[in-house]
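Counting from 1, position 311 in the sequence shown corresponds to residue 313 in my numbering; the numbering is continuous, with no gaps.
We put the CB at the ideal spot given by N, CA and C, even for glycine.
Below is one structure, written out as structure tokens; comments come after it.
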Amino acid sequence: MATTLEDPSLERHFNGHRDTVTSMDFNPNATQLASGSMDSCLMVWNFKPKMRAYRFVGHKDAVMSVSFSPSGHLVASASRDKTVRLWIPSVKGESTVFKAHTATVRSVDFSSDGQTLLTASDDKTIKLWTVHRQKFLFSLTKHMNWVRCAKFSPDNRLVVSGSDDKTVRLWDRQSKDCVHTFYETGGFVNYVQFHPSGTCIATACTDGSVKVFDIRMNKLLQNYVAHSASVNSLSFHSSGNYLLSGSDDATLKIYDLAEGRIFYTLHGHQGPVTSVAFSKNGEYFGSGGSDQQVFAWKTNFDQIDFTAEKKKKPREVSPPTVSDIPPRVKSYRAKSPKRYTDRDNSQPITQPLEAKSLPPQLTHFMETIAGQLDILTQTVSLLEQRLSMTENKLRECLDNQQKITLQVHSAD
């Protein structure tokens, strides 16, 4: 076990995509890394020496999201062609496909038991499906704009979703109700993720901010305005102590959540970083960008505390704490080739925020607005249904008219 703090290092560099990398995920034992791209392909990169990557072709448009099943025996991919595919990550590349939505499918996620799929789409809906036979279960439908991302909680009881309507919604899977809504006053929400403890969520926004919310108290815990451009992706370390983000400013940032500060800033991509992911064991993390490159990094810095934690009996992971931080902190530099690293000499951009409650009048006002929005959503949904019925009736009338016209011409 390591006895000194080490810095992240670039472990592997994968080159094979022909367009922007949109999403990535490690298999459970970190022997494979799957990535999706605007080139319509799914790539599965093997970490074993001399094993070639698998290129899976099947989608007719960009692959927007990928996710390994908990067993590692399946990879799900969501596409702009409105379908979801389930692949066997082997050399044969066998897959099944089903049409999931009426618009681009932005996100796909497996439940922790591997039995259910969660999808989110530009059609403003979130849907749940059985993995076996891809049977539709139900929809969650209160968002007013594109749903960029949706994720299961670790215990599968909740779903979190982020949308272009500037809201982050928490859903109860059993009741199918939206149990809380966080309102984003700055940019749009690109990505959401549950903390491993299930007690917090993190959000990535187009205004360059990364936020951590406590979902038990429904309060903002931490707000990092760390990036100078849109934040595209997030990933929690399995210990719950660190958070990783990738941005259009071409950097990756790692946050120490216990101290509320930026731990590392990593460079390497020649353009926006569009996707990041920690491996399930926390030993690696990946990044993909608009430069079509996929990087696999060795974490290193977690070896002291995380290796020791793994030897202990399992315990509940604590959420990020609201603690004071020293006025000055030491910054770190990744031990990898110069092209991929840079020293972060900046001071802490955010301190852990105190969980202050809103005034009762403002809380009541926000709840009233939320209720009115729900009513408006239902009204719009009913109008859409009526419009669809009207379109169907018009289509029937036109068909009947054409039949009558043909009969008249035949009689003449």
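Take the alpha-carbon of Lys255 and the one of Arg263: they are about 10 Å apart. Ser277 sits in a strand when the DSSP states are folded into three classes. In this structure, Ala206 places its C-beta atom within 8 Å of the C-beta atom of Ser235. Excluding residues up to 5 positions away in sequence, Ser71, Pro72 and Ser73 lie with their Cβ nearer than 6 Å to the Cβ of Gly116 in the same chain. Taking every protein chain shown into account, the CB of Asn402 has fewer than 16 other CB atoms within 10 angstroms, so this residue is exposed. Counting only residues of its own chain and dropping the five nearest sequence neighbours on each side, Arg87 has a CB closer than 6 Å to the CB of Gly60, Ser79, Ser97 and Val99.
Sequence-distant partners of Thr301 (beyond 5 residues in either direction) whose C-beta falls short of 7 Å from its own C-beta, in its chain, are Pro10, Gly284, Glu285, Tyr286 and Phe287. Per DSSP, the beta-bridge partners of Met26 are Ser37. Counted as a single uninterrupted DSSP element, the stretch harbouring Ser240 is not any beta strand (DSSP E), since DSSP gives it neither H nor E. The Cβ atoms of Ser292 and Thr22 lie closer than 8 Å to each other.
Around the CB of Pro51, fewer than 16 other CB atoms lie within 10 Å, so the residue is classed as exposed. Under DSSP, Ile203 forms a beta bridge with Phe196 and Phe215. Cβ-Cβ distances below 8 Å link Gly210 to Gly189, Val227, Ala228, His229, Ser230, Ala231, Ser232, Val233, Ser249 and Asp251 in the same chain, with the five nearest sequence neighbours on each side left out; the list follows chain order. One thing to note: Val107 has its Cβ no nearer than 8 Å to the Cβ of Leu119.
The Cβ atoms of Leu245 and Tyr257 sit closer than 8 Å to each other. Here Val181 is exposed. Its C-beta has fewer than 16 other C-beta atoms within 10 Å. Pairing Asn158 with Ser92 gives a Cβ-Cβ distance that is not under 8 Å. Boundaries of the beta strand (DSSP E) harbouring Val296: Gln295 to Lys300, taken from the DSSP string. A straight-line Cα-Cα distance of about 10 Å links Leu389 and Leu396. In this structure, the alpha-carbon of Ser155 lies about 6 Å from that of Gly200. The beta-bridge partner set that DSSP reports for Gly291 consists of Val275. Ranking Arg14, Asn48 and Ser39 by CA distance to the CA of Asn29 puts Asn48 first.
Sequence-distant partners of Asp63 (beyond 5 residues in either direction) whose C-beta falls short of 7 Å from its own C-beta, in its chain, are Ser42, Ser81, Arg82 and Asp83. Looking at Ala260, Phe303 and Lys153, the one whose alpha-carbon comes closest to that of Ser67 is Lys153. Boundaries of the beta strand (DSSP E) around Val68: Val65 to Phe70.
Between Ala298 and Arg14 a beta carbon distance of about 4 Å is seen, short of the 8 Å cut, so the two are scored as contacting.
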